Amino acid sequence: MDGNDIAAVSSVAKKLVDEVRGGQPRVLECKTHRVRGHYEGDPQKYRPEDDVASGADIDPLQRAELLLEKQGITQASLQEIIAGIENRVALSIEKAKAEAQPDFASALADVYTAKG
């Protein structure tokens, strides 16, 4: 499905989650477009210029913002929502940095099942 369409992904994901909770296995494949390079400052020389340029046109976040504006959400409300999200992310990062580093020896714990 079009992974750039946040509303469609949300609708389908809710349905699939209900089915999974009912004991049915499901897979949701969302095809999307990478709007940035692999790292900050990536010149993306390996991608055609028109591919890089078209990415901005289908950015899921920008599309969602336009959808919300069409539904009457003001720019001020959007900025308030974005600020709240950025604050939650910053607090989560601070919390993660404050945690003790995990024991390296535990890296493979619960990754493989014992043969038997």
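Sequential numbering of the sequence shown, starting at 351, is according to my numbering. We put the CB at the ideal spot given by N, CA and C, even for glycine. These numbers were taken from a predicted model, which means no experiment stands behind them.
Inter-residue Cα distance where the pair is residue i and residue j
i    : j    : result
H383 : A455 : 37 Å
Q412 : C380 : 17 Å
M351 : L366 : 13 Å
V439 : V362 : 26 Å
D400 : P393 : 14 Å
Residue j beta carbon less than 7 Å from that of residue i
i    : j    : result
P410 : I356 : yes
I408 : N354 : yes
V370 : R376 : yes
DSSP bridge partner residues for residue i (one or two, in chain order)
i    : result
D392 : Partner(s): none; D392 has no beta bridge.
K381 : D352
Residues near residue i in its chain [Cβ-Cβ closer than 8 Å; skip 5 each side]
i    : result
P398 : none
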